[in-house]
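Residue numbers (this note's numbering): 5 to 164. We put the beta carbon where it would ideally sit given N, CA and C, even for glycine.
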Amino acid sequence: MALVYLLDEAGARSTSDMFHDLYATQIVDTLFEESCQREGQSVSTSIRLLDMARYWRTEVGVDCWVIGHVFIQQTEDGLVTVEREVQHGDNFVLKTSPSNGKVRFASPFVQMTASLGDESHMFLRSRDRRLHYSGQSKVFIVRNAGHSAGFDEEGELRIF
5 MALVYLLDEA GARSTSDMFH DLYATQIVDT LFEESCQREG QSVSTSIRLL
55 DMARYWRTEV GVDCWVIGHV FIQQTEDGLV TVEREVQHGD NFVLKTSPSN
105 GKVRFASPFV QMTASLGDES HMFLRSRDRR LHYSGQSKVF IVRNAGHSAG
155 FDEEGELRIF
(Lines of atoms letter the chains of each structure in order from A and count residues from 1; the text may use other names and numbers.)
(Lines give C-alpha, C1' and ligand atoms only; values in the text may rest on other atoms or scores of the structure.)
Protein backbone atom coordinates (compact mmCIF):
# COMPACT_ATOMS: atom_id res chain seq x y z
CA MET A 1 0.00 0.00 0.00
CA ALA A 2 1.11 3.53 -0.71
CA LEU A 3 -0.03 6.94 0.43
CA VAL A 4 -1.48 8.85 -2.51
CA TYR A 5 -3.08 12.23 -2.95
CA LEU A 6 -6.42 12.44 -4.71
CA LEU A 7 -7.64 15.64 -6.36
CA ASP A 8 -11.27 15.63 -7.46
CA GLU A 9 -14.36 17.83 -7.32
CA ALA A 10 -14.23 17.78 -3.51
CA GLY A 11 -10.64 19.04 -3.43
CA ALA A 12 -7.35 17.44 -2.37
CA ARG A 13 -7.14 14.63 0.17
CA SER A 14 -4.89 11.71 1.03
CA THR A 15 -5.82 8.06 0.66
CA SER A 16 -4.03 4.77 0.08
CA ASP A 17 -3.78 2.64 -3.04
CA MET A 18 -1.88 -0.28 -4.53
CA PHE A 19 0.60 0.28 -7.37
CA HIS A 20 2.07 -2.36 -9.61
CA ASP A 21 5.82 -2.35 -10.05
CA LEU A 22 6.20 -1.99 -13.82
CA TYR A 23 9.92 -2.68 -13.48
CA ALA A 24 9.29 -6.08 -11.87
CA THR A 25 8.57 -7.65 -15.27
CA GLN A 26 9.74 -6.96 -18.78
CA ILE A 27 6.38 -5.51 -19.86
CA VAL A 28 7.48 -4.61 -23.40
CA ASP A 29 8.85 -8.09 -24.02
CA THR A 30 5.73 -9.69 -22.57
CA LEU A 31 3.35 -7.62 -24.69
CA PHE A 32 5.41 -8.25 -27.84
CA GLU A 33 5.50 -12.01 -27.25
CA GLU A 34 1.75 -12.11 -26.59
CA SER A 35 1.00 -10.16 -29.77
CA CYS A 36 3.24 -12.50 -31.80
CA GLN A 37 1.31 -15.53 -30.53
CA ARG A 38 -1.99 -14.24 -31.87
CA GLU A 39 -3.01 -15.89 -35.09
CA GLY A 40 -5.70 -15.09 -37.55
CA GLN A 41 -7.39 -11.80 -38.20
CA SER A 42 -4.82 -9.41 -36.74
CA VAL A 43 -1.99 -10.88 -38.84
CA SER A 44 -4.07 -10.99 -42.02
CA THR A 45 -5.30 -7.43 -41.43
CA SER A 46 -1.72 -6.22 -40.98
CA ILE A 47 -0.59 -7.94 -44.18
CA ARG A 48 -3.55 -6.50 -46.11
CA LEU A 49 -2.91 -2.97 -44.82
CA LEU A 50 0.79 -3.17 -45.71
CA ASP A 51 -0.04 -4.48 -49.19
CA MET A 52 -2.41 -1.52 -49.72
CA ALA A 53 -0.04 1.09 -48.23
CA ARG A 54 0.75 4.05 -50.49
CA TYR A 55 3.93 6.12 -50.50
CA TRP A 56 4.92 9.28 -52.36
CA ARG A 57 7.31 12.20 -52.02
CA THR A 58 6.11 15.75 -52.59
CA GLU A 59 7.92 18.35 -54.68
CA VAL A 60 9.28 19.95 -51.50
CA GLY A 61 10.75 16.66 -50.23
CA VAL A 62 8.06 15.55 -47.77
CA ASP A 63 7.70 11.76 -47.52
CA CYS A 64 4.05 10.68 -47.26
CA TRP A 65 2.42 7.35 -46.47
CA VAL A 66 -1.18 6.23 -46.17
CA ILE A 67 -1.72 2.97 -44.29
CA GLY A 68 -5.39 2.21 -43.78
CA HIS A 69 -6.93 5.27 -42.14
CA VAL A 70 -3.55 6.60 -41.00
CA PHE A 71 -1.72 9.39 -42.85
CA ILE A 72 1.99 9.87 -42.09
CA GLN A 73 4.30 12.70 -43.20
CA GLN A 74 8.00 13.21 -42.57
CA THR A 75 9.75 16.41 -43.55
CA GLU A 76 13.42 16.65 -44.42
CA ASP A 77 14.27 18.00 -40.96
CA GLY A 78 12.69 14.92 -39.32
CA LEU A 79 9.32 16.35 -38.23
CA VAL A 80 6.88 13.42 -38.25
CA THR A 81 3.11 13.95 -38.32
CA VAL A 82 0.72 11.01 -37.88
CA GLU A 83 -3.00 11.63 -38.36
CA ARG A 84 -5.95 9.30 -38.06
CA GLU A 85 -9.51 10.31 -38.79
CA VAL A 86 -12.06 8.64 -36.54
CA GLN A 87 -15.82 8.82 -36.13
CA HIS A 88 -17.68 12.07 -36.79
CA GLY A 89 -14.70 13.61 -38.60
CA ASP A 90 -12.59 13.86 -35.45
CA ASN A 91 -8.81 13.53 -35.84
CA PHE A 92 -6.07 12.11 -33.70
CA VAL A 93 -2.81 13.95 -34.47
CA LEU A 94 0.69 13.14 -33.24
CA LYS A 95 3.61 15.43 -34.13
CA THR A 96 7.16 14.84 -33.06
CA SER A 97 10.38 16.57 -34.00
CA PRO A 98 13.85 15.21 -33.28
CA SER A 99 15.44 18.55 -34.24
CA ASN A 100 13.75 20.51 -31.43
CA GLY A 101 12.85 17.68 -29.02
CA LYS A 102 9.12 18.38 -28.96
CA VAL A 103 6.06 16.16 -29.19
CA ARG A 104 2.38 17.06 -29.42
CA PHE A 105 -0.72 14.83 -29.35
CA ALA A 106 -4.25 16.07 -29.90
CA SER A 107 -7.57 14.26 -29.93
CA PRO A 108 -11.12 15.27 -29.07
CA PHE A 109 -10.50 13.91 -25.55
CA VAL A 110 -6.86 14.61 -24.69
CA GLN A 111 -4.24 17.22 -25.55
CA MET A 112 -0.60 16.69 -24.63
CA THR A 113 2.67 18.51 -25.25
CA ALA A 114 6.17 17.71 -24.06
CA SER A 115 9.64 18.98 -24.81
CA LEU A 116 13.28 18.55 -23.90
CA GLY A 117 16.01 21.14 -23.53
CA ASP A 118 15.67 24.68 -22.25
CA GLU A 119 11.86 24.50 -22.27
CA SER A 120 11.53 20.95 -20.92
CA HIS A 121 8.00 20.29 -19.77
CA MET A 122 5.04 17.95 -19.97
CA PHE A 123 1.45 19.17 -20.16
CA LEU A 124 -1.67 17.00 -20.31
CA ARG A 125 -5.26 18.21 -20.53
CA SER A 126 -8.57 16.38 -20.67
CA ARG A 127 -11.70 18.47 -20.25
CA ASP A 128 -11.26 20.47 -17.01
CA ARG A 129 -8.39 18.27 -15.77
CA ARG A 130 -4.78 19.39 -16.29
CA LEU A 131 -1.36 18.11 -15.35
CA HIS A 132 1.79 20.18 -15.79
CA TYR A 133 5.44 19.47 -15.05
CA SER A 134 8.25 21.96 -15.62
CA GLY A 135 11.65 20.41 -16.16
CA GLN A 136 13.33 23.71 -15.32
CA SER A 137 11.69 24.46 -11.99
CA LYS A 138 10.69 20.84 -11.15
CA VAL A 139 7.20 22.13 -10.27
CA PHE A 140 4.44 19.53 -10.74
CA ILE A 141 0.82 20.71 -10.60
CA VAL A 142 -2.47 18.90 -11.08
CA ARG A 143 -5.70 20.84 -11.65
CA ASN A 144 -9.18 19.37 -11.51
CA ALA A 145 -12.60 20.98 -11.18
CA GLY A 146 -11.16 24.31 -10.04
CA HIS A 147 -8.80 22.78 -7.46
CA SER A 148 -5.00 22.63 -7.72
CA ALA A 149 -2.35 20.64 -5.90
CA GLY A 150 1.18 19.57 -6.59
CA PHE A 151 4.83 19.80 -5.64
CA ASP A 152 6.81 23.04 -5.58
CA GLU A 153 10.48 23.68 -6.43
CA GLU A 154 11.54 22.19 -3.08
CA GLY A 155 9.51 19.01 -3.61
CA GLU A 156 7.01 20.02 -0.93
CA LEU A 157 3.31 19.23 -1.36
CA ARG A 158 1.27 22.36 -2.04
CA ILE A 159 -2.50 22.69 -2.14
CA PHE A 160 -3.57 25.86 -3.92
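R147 and L161 closer than 9 angstroms at C-beta: No; because the gap between Cβ atoms is not below 9 angstroms, this pair is not in contact.
Do F144 and R131 have their C-beta atoms within less than 9 angstroms of each other? Contact flag unset, no.
For the region 59-139, list the beta strand (DSSP E) runs that are entirely contained and at least 3 residues long, ordered along the chain. Uninterrupted beta strand (DSSP E) stretches at least 3 residues long and entirely within the region 59-139 occur at 67-71, 74-78, 84-89, 95-101, 106-110, 115-119, 125-130, 133-138, given in chain order.
Could you give the DSSP three-state label for S20: helix, strand or coil? It is a strand residue.
When DSSP builds the beta bridges, which residues end up paired with D12? According to DSSP, which records beta bridges pairwise, D12 is partnered with G15.
Out of I31, A6, L54, E63, state which residue places its alpha-carbon closest to the alpha-carbon of M22. Of I31, A6, L54, E63, the residue nearest in Cα terms is A6.
Can you tell me where the beta strand (DSSP E) with S152 in it begins and where it stops? Its beta strand (DSSP E) spans residues 151-155.
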